[in-house]
Amino acid sequence: MLFRDRGHAGRELGRRLAYLRGPDVVVVGLPRGGVSVAYHVARVLGAPLDVIVVRKLGVPFQPELAMGAIAEGDVRVINDETRHLAISPADLAAVEARERVELDRRIRRFRGSRPRVPLAGRTVVVVDDGIATGATASAACRAVRAAGAARVVLAAPVAPPDRIAWLRQDADEVVCLAAPEEFFAIGSFYADFAQTPDEEVTDLLRQAALAAPPEPARMPGPDAGGSTGTGTGQRIEVTVPAGAARLTGQLTVPEHPCGLVVFAHGSGSSRHSPRNRHVAQVLGSARLATLLFDLLTPDEEADRTNVFDIGTLARRLVEVTRWLGQQPTTARLPTGFFGASTGSAAALWAAAELGPRISAVVSRGGRPDLAAPKLALVTAPTLLIVGGQDDVVLDLNRRAQTQLRCENQLTVVPGATHLFTEPGALETVATLARDWFLHHSALVGNIRA
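Quick note: the sequence shown uses the numbering used here, first residue 199, plus one each step.
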């Protein structure tokens with residue numbers, strides 16, 4: 199069990215989505231239970247709430263299994279994974295006709311005489327209380343896209359990992375608080391998963407239409423130093439002992455952090471790297487604490503051979519991680535590494551040394567090949583992100599991937615070069631990293647619980 203009830207799930211999901219807060223955001227919930235979650239998401243974001251009516255098309259002889267879904271706006275989605283059941287066109291048409299009657303009834307019941315909240319040109323957050331097959335969520339995303347949404351974000355408290363990947367074809371972004379490998383039923387992740395009555399849905403929509411005061415989002419306070427998305431937590435300049443060296447860094451801890459990411463920058467970079475700082479801000483908006491620090495002192499950086507001494511860099515990273523494990527604010531947090539360029543090699547080397555203490559590793563335009571002696575020993579799930587135009591590094595990553603024995607994935611960002619300076623490229627990196635860390639931090643948290 200992860201959530202007490204749908205209200206608890208909605209508040210937690212809203213905090214995860216706080217980075218979306220803005221005047222062009224609309225939240226839509228799938229009835230019935232999805233509206234209960236969406237109501238709290240909308241309050242956290244200070245956004246208007248509406249309903250998006252979707253009906254599952256159940257297999258005739260197994261109604262709980264979705265062979266597809268329909269949504270308002272004449273949207274229909276068919277689940278290819280059930281085609282092997284040889285359902286006849288007549289059977290499909292009969293199920294769809296029956297569900298369209300119920301679809302129309304629910305539209306009248308839930309929306310009544312209220313006009314739809316305009317979606318054209320806006321960011322639309324589609325919320326459900328959980329995702330199983332994904333058919334209804336897919337139909338909902340297509341429906342809001344057809345209504346003119348400029349950006350579609352699908353959000354749910356829990357979903358199977360394979361459905362998250364599949365749904366990215368319909369949504370610009372998919373956000374889930376948990377994605378367990380063993381997934382049997384959405385209700386198993388709630389202490390209270392009682393059916394939501396129609397009256398509750400209409401009441402929540404009515405309350406939202408009356409513009410009830412929104413819950414405060416966890417946005418940056420004055421102590422956040424002007425950064426975005428770090429929560430109302432702390433930003434602290436730290437000096438970390440690493441052998442005889444003293445390494446300078448910036449530790450940012452949002453309120454109620456769910457994990458910690460330690461950055462290892464590459465050659466010619468530092469803790470002031472605008473690319474790493476951007477990624478750190480995105481992670482902070484998802485309640486991940488971050489540490490940006492310099493692996494070498496200024497005097498050491500003057501000798502270029504130190505920049506490629508991966509063993510030394512990795513030892514520094516190990517010592518810093520152990521230091522974080524002794525600090526009250528970070529001691530119990532699942533810890534991951536984000537490495538760039540040669541820093542990626544240091545991150546993988548250190549992950550091999552620390553074993554299960556590291557929950558995940560993300561490499562951006564990295565050189566994992568420089569950690570070749572340690573790659574087979576890495577146990578932390580590893581995501582390798584490489585620009586599609588970075589041919590040499592892409593080849594090195596592909597070769598290094600064959601040596602990894604842990605869960606791993608290589609993602610190519612189309613059109614991006616080594617530094618990901620192309621429009622939207624770095625945002626893609628940040629989103630991929632955030633989702634990877636959140637997923638694996640959640641798994642570690644569940645194991646520890």
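Backbone N, C-alpha and C fix where the C-beta goes; we use that ideal spot for every residue, glycine too.
Between asparagine 504 and leucine 490 the beta-carbon gap is near 19 Å, outside 8 Å, which marks them as no contact. Within the same chain, Cβ atoms closer than 7 Å to the Cβ of glutamine 587 are found at Gly613, Ala614 and Thr615, the five residues on either side in sequence being excluded. Remark: fewer than three beta-carbon pairs, one from each stretch, lie closer than 8 Å, so the region 230 to 250 and the region 286 to 295 are not flagged as touching. Here DSSP, grouped into helix, strand and coil, assigns glutamine 367 to coil. Taking each of Ala389, Ala478 and Glu551 in turn and checking the Cα distance to alanine 512, the smallest one comes out for Glu551. Within the DSSP secondary-structure output, glycine 266 pairs in a beta bridge with Leu255 and Ile276.
In the pairwise beta carbon analysis, the region 622 to 638 is classified as touching the region 477 to 484: at least three pairs are separated by under 8 Å. Take the alpha-carbon of alanine 383 and the one of alanine 357: they are about 10 Å apart. Straight-line spacing of the CA atoms in threonine 446 and aspartate 492 works out to 6 Å.
At least 8 Å separates the beta-carbon of proline 532 from that of leucine 546. Counting along the chain, no beta strand (DSSP E) covers aspartate 507, and no H or E run does either.
Cβ contact annotation for alanine 569 (same chain, cutoff 7 Å, sequence separation greater than five): Ile508, Ala543, Leu546 and Trp547, in chain order. When secondary structure is reduced to three states using DSSP, aspartate 248 falls in the strand class.
CA-to-CA, the gap between valine 323 and alanine 353 works out to about 7 Å.
When Ile583, Arg597 and Gln601 are compared, the shortest CA-CA separation from leucine 630 is found for Ile583.
One thing to note: threonine 495 has its Cβ within 8 Å of the Cβ of alanine 443. In this structure, the beta-carbon distance from proline 378 to valine 235 does not fall below 8 Å. Under DSSP, the beta-bridge partners assigned to glutamate 435 are Gln448. Residue environment for alanine 333: buried (at least 16 other C-beta atoms within 10 angstroms of its C-beta). Proline 246 has its alpha-carbon roughly 15 Å from the corresponding atom of valine 350. Take valine 477, set aside five residues on each side of it, and the residues of its chain with a beta-carbon closer than 7 Å to its own are Phe536, Val627, Ala628 and Ala631, in chain order. Counted as a single uninterrupted DSSP element, the alpha helix (DSSP H) harbouring arginine 241 occupies residues 231 to 243. Assigned with DSSP and collapsed to three states, cysteine 339 falls in helix. Under a 10 Å Cβ-count criterion, aspartate 401 is classified as exposed, with fewer than 16 other Cβ atoms of the shown protein chains found around its own Cβ.
Rounded to the nearest angstrom, the Cβ distance from leucine 581 to threonine 609 is 7 Å, consistent with a contact under 8 Å. If you look at glutamine 607, you'll find it in the beta strand (DSSP E) that goes 606 to 611. Within the region 496 to 567, complete alpha helix (DSSP H) segments of at least 4 residues are found at 496 to 499, 502 to 505, 508 to 522 and 540 to 552, given in chain order. By the CB criterion at 8 Å, alanine 347 and arginine 320 fall inside the cutoff.
Of the residues Arg603, Asp360 and Arg298, the one whose Cα lies closest to the Cα of proline 571 is Arg603. Close CB contacts of arginine 314 within its chain, under the 8 Å cut and outside five residues either way in sequence, are with Asp248 and Ala345 (chain order). Residue environment for serine 336: buried (at least 16 other C-beta atoms within 10 angstroms of its C-beta). For arginine 204, the enclosing alpha helix (DSSP H) has its first and last residue at 204 to 214.
Within the same chain, and ignoring the five residues on either side of alanine 369 in sequence, the residues whose Cβ sits closer than 6 Å to its Cβ are Cys339, Val350 and Leu352. In this structure, DSSP gives arginine 296 a helical state, which the three-state scheme calls helix. Distance check between arginine 304 and each of Thr600, Pro395 and Arg514 places Pro395 closest, using alpha-carbon atoms only.
With respect to leucine 458, threonine 528 sits close: the two C-beta atoms are nearer than 8 Å.
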